[in-house]
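Just so you know, we're using the working numbering here: the sequence shown kicks off at 3 and counts up by one.
Using N, Cα and C, we set each Cβ at its ideal position, and we do this for glycine too.
Only one structure is covered here, and it is reproduced in the block below.
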Amino acid sequence: MIPADKKIIVFDGVCNLCNGAINFIIKRDKNDIFRYVSLQSETGIRIAEERRIDIKKSDSIFLVLPHKAYYHKSTAALNITKDLSGLYPLLSVFLILPKFFRDWVYDIVAKNRYKWFGKKSHCVVPTPELKALFID
């Protein structure tokens, strides 16, 4: 079940970089803002379909807001930083850069993420204490 009061991060569950990013976010989500779902899961696929996102053409993270809107690519990543503890919200200043430039950089990393960081054969199962943060 998708909680109506949480922001949902839809991520590539087999990507080592993406899994590392999710662990990073979890440690800094002091106000319990986010829930997480793998793009490969039934729920991740359904969320993408509801928003007309073609997951076959997208190498992106998605931040789904409670009111059904969503961000993807660099805009999602930078909006996620706004809700983290520490100095990370300052990174959202990069939202002033043109989207085409931010997404160009994002796309370079996304295109090479498996080569640079590796890939798992299946989605990682969260530890029991973190399982409640994941949907599906």
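Span of the alpha helix (DSSP H) holding residue i?
i     : result
Ile82 : 75–83
Lys29 : 18–30
Arg48 : 44–52
For residue i, does the count of other Cβ atoms within 10 angstroms reach 16, so buried, or fall short, so exposed?
i      : result
Ile98  : exposed
Val66  : buried
His74  : buried
Ile110 : exposed
Asn114 : exposed
Residue i to residue j, Cα distance in whole Å?
i      : j      : result
Leu92  : Arg104 : 16 Å
Ile47  : Ser40  : 9 Å
Phe96  : Tyr90  : 12 Å
Asp138 : Thr45  : 6 Å
Thr129 : Ser94  : 30 Å
Lys8   : Lys117 : 32 Å
Arg37  : Ile63  : 13 Å
Phe102 : Thr77  : 11 Å
Asp34  : Ala71  : 19 Å
Ile4   : Phe13  : 15 Å
Arg30  : Trp106 : 27 Å
Ile155 : Glu131 : Lying outside 3 to 138, the shown extent of the chain, residue 155 is not represented and no answer is given.
His69  : Lys58  : 25 Å
What first and last residue would you give for the beta strand (DSSP E) that runs through residue i?
i      : result
Leu65  : 64–66
Phe13  : 9–13
Arg115 : Taken as a continuous stretch (DSSP letters only), Arg115 belongs to no beta strand (DSSP E), being part of the alpha helix (DSSP H) at 101–119.
Ser40  : 36–40
For a test of your reading of the model: does the CB of residue i fall under 7 Å from any non-hydrogen atom of the ligand HEM? Yes or no.
i     : result
Val39 : The ligand HEM is not part of the structure shown, which contains no ligands of any sort.
Q: Spell out a yes or no on whether the region 9–18 and the region 109–121 are touching, meaning 3 or more CB-CB pairs, one atom from each, closer than 8 Å.
A: Taking 8 Å as the limit for Cβ pairs, the verdict is that the region 109–121 does touch the region 9–18.
Q. Are the region 51–60 and the region 17–37 in contact at 8 Å, needing three or more beta carbon pairs?
A. When Cβ pairs closer than 8 Å are counted between the two stretches, the region 51–60 is seen not to touch the region 17–37, the count staying below three.
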